[in-house]
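In the working numbering, the protein residues as written are 1 to 287.
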């Protein structure tokens, strides 16, 4: 892994983790699926427009179209949709911690579906990451976490794992920004239908809601997703997924600063172990 990939991974993890805090703000004043659908509609429209301006084409390869549909459904409609709903009952920091279990799911699915191998050092790194997550989660569970919300977060992580592996078909052949925009539009349509059937569209307007919505739409929504596609294309799904181990630290830290959620010694200990796990996984991939 080169320096550019590391910088991309850190930037992605920071932006991605911040979305949990901004989402927590949004769901306090607007229906979660309606807000998320609107976010994807705007982000997807901007992505497609910018891609066209850059000369990118609607003509995707068959694997790209397939992966775009799967990614739009699994990441946008399922992963983010389930997390937005869950954050009506769980803290932003808890959602970010659960999301960091995704690399282990990616490695397992990669082994079962694609026959990927994980070297002993890499396996040790994945185990260390899970231990770090467990330390942080243990402290959170002692304070009481809603079981329904927690279950939705884990289901969301599984959906993101499937989406991550699907990027293998979408990250080759160019037109990356076009793919980013199109998969967001897929999520917007699916979530709009589900929202119309299940939610009451009542919004409490506020400055905080507007700012959180704009930030979530442009930074974690559009920019972070574009970086993610480029990162997976550069270093592969399993290696890229290890950056999600940083979600507990970034997610808990941002929630602590912005929302006043607690940041304790177990959080710091967990992130040290998680960082070591990431290093082990990266070293295991070196020839």
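Virtual Cβ for every residue (Gly too), placed ideally from N, Cα, C. This one's a predicted model, so the numbers in the text were calculated from it and none came from an experiment.
Buried or exposed, going by whether 16 or more other CB atoms sit within 10 Å of the CB of residue i?
| i | result |
| --- | --- |
| residue 272 | exposed |
| residue 114 | exposed |
| residue 246 | buried |
| residue 120 | exposed |
| residue 62 | exposed |
| residue 118 | buried |
| residue 19 | buried |
| residue 53 | exposed |
| residue 152 | buried |
| residue 232 | buried |
| residue 21 | buried |
| residue 39 | buried |
| residue 288 | Any question about residue 288 goes unanswered here, given that the chain covers just 1 to 287. |
| residue 104 | buried |
To the nearest whole angstrom, what separates the beta carbons of residue i and residue j, a pair I think is in contact under 8 Å?
| i | j | result |
| --- | --- | --- |
| residue 267 | residue 136 | 5 Å |
| residue 164 | residue 99 | With 8 Å as the limit, residue 164 and residue 99 do not qualify as a contact, their Cβ atoms being about 12 Å apart. |
| residue 277 | residue 126 | 7 Å |
| residue 72 | residue 183 | 4 Å |
| residue 87 | residue 23 | 6 Å |
| residue 201 | residue 34 | 6 Å |
| residue 112 | residue 237 | Actually they do not touch by this definition, with Cβ atoms about 14 Å apart. |
| residue 31 | residue 206 | Not confirmed; about 15 Å, so no contact. |
| residue 280 | residue 181 | So it is not a contact: roughly 36 Å between Cβ atoms. |
| residue 175 | residue 43 | Not quite, the Cβ-Cβ distance comes to about 17 Å (not below 8 Å), so this is no contact. |
| residue 159 | residue 78 | 4 Å |
| residue 179 | residue 68 | 5 Å |
| residue 15 | residue 219 | 5 Å |
| residue 122 | residue 284 | 3 Å |
| residue 203 | residue 29 | 7 Å |
Three or more C-beta pairs below 8 Å linking the region 216-226 and the region 1-19: yes
Between the region 72-85 and the region 209-216, are three or more C-beta pairs nearer than 8 Å? no
Stretch pair the region 87-107 + the region 242-255: three plus CB contacts closer than 8 Å: yes
At least three beta-carbon pairs within less than 8 Å, the region 130-150 to the region 100-107: The region 130-150 is in contact with the region 100-107.
Are there three or more Cβ pairs, one per stretch, closer than 8 Å when the region 62-76 is compared with the region 184-204? Yes, the region 62-76 is in contact with the region 184-204.
4 or more residues per run - each alpha helix (DSSP H) lying fully within the region 107-184: 120-142 and 147-170
Inter-stretch contact at 8 Å, needing at least 3 Cβ pairs: the region 153-164 / the region 33-53: no
Length-filtered (4 minimum) alpha helix (DSSP H) runs lying within the region 8-78: Those alpha helix (DSSP H) runs which fall completely within the region 8-78 and span 4+ residues are 32-53 and 62-71.
Continuous alpha helix (DSSP H) assignments of at least 4 residues falling wholly in the region 174-241: 176-198, 207-216, 224-235 and 237-241
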